[in-house]
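These protein sequence lines map, in sequence, to chains A and B. Quick note on our numbering: the first sequence kicks off at 185 and runs consecutively. Quick note on our numbering: the second sequence kicks off at 4 and runs consecutively.
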Amino acid sequence: MDLVRDMLDKKVVDRNGREMGRVDSIILRVDAAAPPSVLAFELGPAVLAARVRPLWGRWVAALEHGFGVDEGRPVRIPFTDILHVHNHIKIDVAFGETPAATIEQRLRRWIAAIPRSS
Amino acid sequence: MSALVDLILGIVTSIGGFVEVGSISTAAQAGSEFGFQLLWAIAIATVMLALLVEMSGRLAAVSKDSLAAAVRERFGIHFQLVPLTAELLIDILLLAAEIGGAAIAIQLLTGVGFQWWIVPVGGSVWLILWLCGFGLIEYGIGLLGLITLAFVISAWQLQPNVGHLGGSLLPTLPTHHFTRYAFLAVSIVGATVSPYLLNFYSSGTVEEKVTESELWVNRTTAYVGICFGGVVSMGVLVTSAMVLEPQHILVDSYEQAALMFVPVFKRWAITLFALALGVGCFGAAVEITLNAGYVFAQVFGWSWGANRPRRDAARFTFAFTLVLLAALALSLVRFDPLRLTMLSVALTVVIMPAVVLPFLVLMNDENYVKTHTSGAIGNGLLAALTILGCLLALVVIPLEIFGG
Numbered sequence: 185m186d187l188v189r190d191m192l193d194k195k196v197v198d199r200n201g202r203e204m205g206r207v208d209s210i211i212l213r214v215d216a217a218a219p220p221s222v223l224a225f226e227l228g229p230a231v232l233a234a235r236v237r238p239l240w241g242r243w244v245a246a247l248e249h250g251f252g253v254d255e256g257r258p259v260r261i262p263f264t265d266i267l268h269v270h271n272h273i274k275i276d277v278a279f280g281e282t283p284a285a286t287i288e289q290r291l292r293r294w295i296a297a298i299p300r301s302s
Numbered sequence: 004m005s006a007l008v009d010l011i012l013g014i015v016t017s018i019g020g021f022v023e024v025g026s027i028s029t030a031a032q033a034g035s036e037f038g039f040q041l042l043w044a045i046a047i048a049t050v051m052l053a054l055l056v057e058m059s060g061r062l063a064a065v066s067k068d069s070l071a072a073a074v075r076e077r078f079g080i081h082f083q084l085v086p087l088t089a090e091l092l093i094d095i096l097l098l099a100a101e102i103g104g105a106a107i108a109i110q111l112l113t114g115v116g117f118q119w120w121i122v123p124v125g126g127s128v129w130l131i132l133w134l135c136g137f138g139l140i141e142y143g144i145g146l147l148g149l150i151t152l153a154f155v156i157s158a159w160q161l162q163p164n165v166g167h168l169g170g171s172l173l174p175t176l177p178t179h180h181f182t183r184y185a186f187l188a189v190s191i192v193g194a195t196v197s198p199y200l201l202n203f204y205s206s207g208t209v210e211e212k213v214t215e216s217e218l219w220v221n222r223t224t225a226y227v228g229i230c231f232g233g234v235v236s237m238g239v240l241v242t243s244a245m246v247l248e249p250q251h252i253l254v255d256s257y258e259q260a261a262l263m264f265v266p267v268f269k270r271w272a273i274t275l276f277a278l279a280l281g282v283g284c285f286g287a288a289v290e291i292t293l294n295a296g297y298v299f300a301q302v303f304g305w306s307w308g309a310n311r312p313r314r315d316a317a318r319f320t321f322a323f324t325l326v327l328l329a330a331l332a333l334s335l336v337r338f339d340p341l342r343l344t345m346l347s348v349a350l351t352v353v354i355m356p357a358v359v360l361p362f363l364v365l366m367n368d369e370n371y372v373k374t375h376t377s378g379a380i381g382n383g384l385l386a387a388l389t390i391l392g393c394l395l396a397l398v399v400i401p402l403e404i405f406g407g
């Protein structure tokens, strides 16, 4: 597998096929005695912004903290949770049970209050 | 049978949805200042748009990914940040201009100042997006947009010289005001090849679940529908050239542009122009707003879709609402909608290379289009478009300063 081509920026869906986000960064373990191995990947706007400019990553993290949606974010998914990698990456977790869903759930509460939202 | 219905509806909506604030203003100005001489610019821009729209649809039908999603996956966030930011900025400017155009149309009908109509127009855009699914939005806008055929009827009734029209399809140099001529030519391209159209079309292809077996529908809709749409734009230019140019009326406001209908439609002229402008702008405003939600959701991997209940795609709904509010805030600042339109079409040209270049890679990547890669002709045309896009991007700002 080519990590950058086949994994980075790919869409991530949970075990029920619900969109969770994209692979915003990949965590590798580099050991002098062994080849590098993939530990996990991360989802979240702060790591995405940090990939472009580290300073932007800190700003986005501060913004998330300011809105109170930073708990457990960025979301780190262990490599062992991957079910398959095709045109998207399917993982063995439920979106609603991870902090990746924090903003979606908060917005959903507001939107649900408007008539004909469902 | 279903494919045939889809084809007819697709062509009709491409025609009805073609003309909006940018194409009306650039074509009307071109006609009033240079007669038929800039018809070639509309022809070239229409062919460019048809090619890119067909490729957007093919990419989406085969890969089940929209254009924005494919660019994020294939090129990464570092590349996408530039077109994404620029497109978002242009979408907000263009959306403000479309809302302004629709508000001016209501002003023409009611006599009440356009500023009073901006919030109701914005609210109506949001309500349509809140209540309707993709099919109703697309087909409703397209069918209502058939009123813009009034421009073609008007041009036909004015009986232009066919030889002159045919001759104007080949580029010629003007006898006066070269920079203004070049600026209008480039602006026509910018107004026609709007980036939002490409992602909107590919997202629609995903929403409508178009399959590989229906690629011929996509191809026919793109080429036939867009080319007939270009004829509507030409109708604006021809009408303007035959009515406004002989009287030396320059289009520096929509009220003046409305006069082009007077010889053909007499006392219905202002009403018809207002309806054509209003429907064209309102439809484009709905599409731009929806596309803003698409782009955010697809780039960041959120759930999206106009066919989903809004609460099931909360971030997508929030994103298009936020962009609409930003455009409304801009519209409420005292501004001239016509100038805002010309600024947004010029900026569209600036980002054109970043919009066209990804096609060259994506349409040759079998991971996305499988066996439906572009052939030698398709690649040659794309390469020509990329070079043309780069050249136009280089000259548009100097032309905006000296000829805008």
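Yeah, the Cβ is synthetic: ideal placement off N, Cα and C, and Gly gets one too. This structure is a prediction, so every number in the text was calculated from the model and none was measured.
Among the options, whose alpha-carbon lies nearest the alpha-carbon of residue i?
i        : options                                   : result
B/Arg342 : B/Leu388, B/Asn370 and B/Glu403           : B/Glu403
B/Leu280 : B/Val267, B/Leu293, B/Leu173 and B/Ala261 : B/Ala261
A/His249 : A/Gly228, A/Thr264, A/Ile266 and A/Val236 : A/Gly228
B/Glu90  : B/Gly38, B/Leu397, B/Thr195 and B/Val353  : B/Val353
B/Val192 : B/Gly20, B/Leu52 and B/Ala6               : B/Leu52
A/Leu192 : A/Pro283, A/Ile295 and A/Gly205           : A/Gly205
B/Leu391 : B/Ala316, B/Val358 and B/Thr374           : B/Val358
B/Ser28  : B/Gly60, B/Ala71 and B/Thr195             : B/Thr195
A/Phe225 : A/Val197, A/Gly256 and A/Leu212           : A/Leu212
B/Leu415 : B/Asp368, B/His375, B/Phe362 and B/Val399 : Nothing can be reported for residue 415 of chain B: it is not among the residues displayed for chain B, which extend from 4 to 407.
B/Leu360 : B/Thr274, B/Arg61 and B/Thr389            : B/Thr389
B/Phe137 : B/Thr151, B/Ala379 and B/Arg313           : B/Arg313
B/Ala1   : B/Leu92, B/Leu112 and B/Thr274            : Chain B is shown from 4 up to 407; residue 1 of chain B falls before or after that span and cannot be answered.
B/Leu112 : B/Gly406, B/Ser59, B/Ala272 and B/Glu36   : B/Ala272
A/Ala278 : A/Met185, A/Arg189, A/Asp198 and A/Lys194 : A/Asp198
Can you tell me whether residue i is helix, strand or coil according to DSSP?
i        : result
A/Gly256 : coil
A/Glu226 : strand
B/Met263 : helix
A/His268 : strand
A/Met191 : coil
A/Arg168 : Outside the displayed range of chain A (185 to 302) lies residue 168 of chain A, so it cannot be described from this structure.
A/Leu212 : strand
B/Met366 : coil
A/Ser221 : strand
B/Ile291 : helix
B/Val22  : coil
B/Pro86  : helix
B/Val65  : helix
A/Pro262 : strand
Residue i CB to nearest chain B CB: under 8 Å?
i        : result
A/Val196 : yes
A/Glu203 : yes
A/Ala296 : yes
A/Leu291 : yes
A/Ser209 : no
A/Val287 : This sequence places Ile at residue 287 of chain A; Val is not what is there. Closer than 8 Å: yes.
A/Arg300 : yes
Does any C-beta atom of chain A lie closer than 8 Å to the C-beta of residue i?
i        : result
B/Gly136 : no
B/Trp305 : yes
B/Arg61  : no
B/Glu369 : no
B/Glu210 : no
B/Arg183 : no
B/Glu217 : no
B/Glu258 : no
State yes or no: is the C-beta of residue i within less than 8 Å of the C-beta of residue j?
i        : j        : result
B/Trp129 : B/Leu327 : yes
B/Ser157 : B/Val267 : yes
B/Leu70  : B/Leu201 : yes
A/Val207 : B/His81  : no
B/Thr242 : B/Phe405 : no
*Mind listing which residues of the stretch 120–134 of chain B have their C-beta closer than 8 Å to chain A's C-betas, in chain order?*
Trp133 and Leu134
*May I ask you to list, following chain order, the residues of the stretch 300–329 of chain B that have a beta carbon less than 7 Å from some beta carbon of chain A?*
Phe303, Gly304, Trp305, Ser306, Pro312, Arg313, Arg314, Ala317, Arg318, Thr320 and Phe321
*Taking a cut of 8 Å between CB atoms, which residues from the stretch 78–101 of chain B lie near chain A?*
Gly79, Ile80, His81 and Leu84
*Using a Cβ-Cβ cut-off of less than 8 Å, give me the residues of the stretch 232–256 of chain A that come near chain B, in sequence order.*
Leu232, Arg235 and Val236
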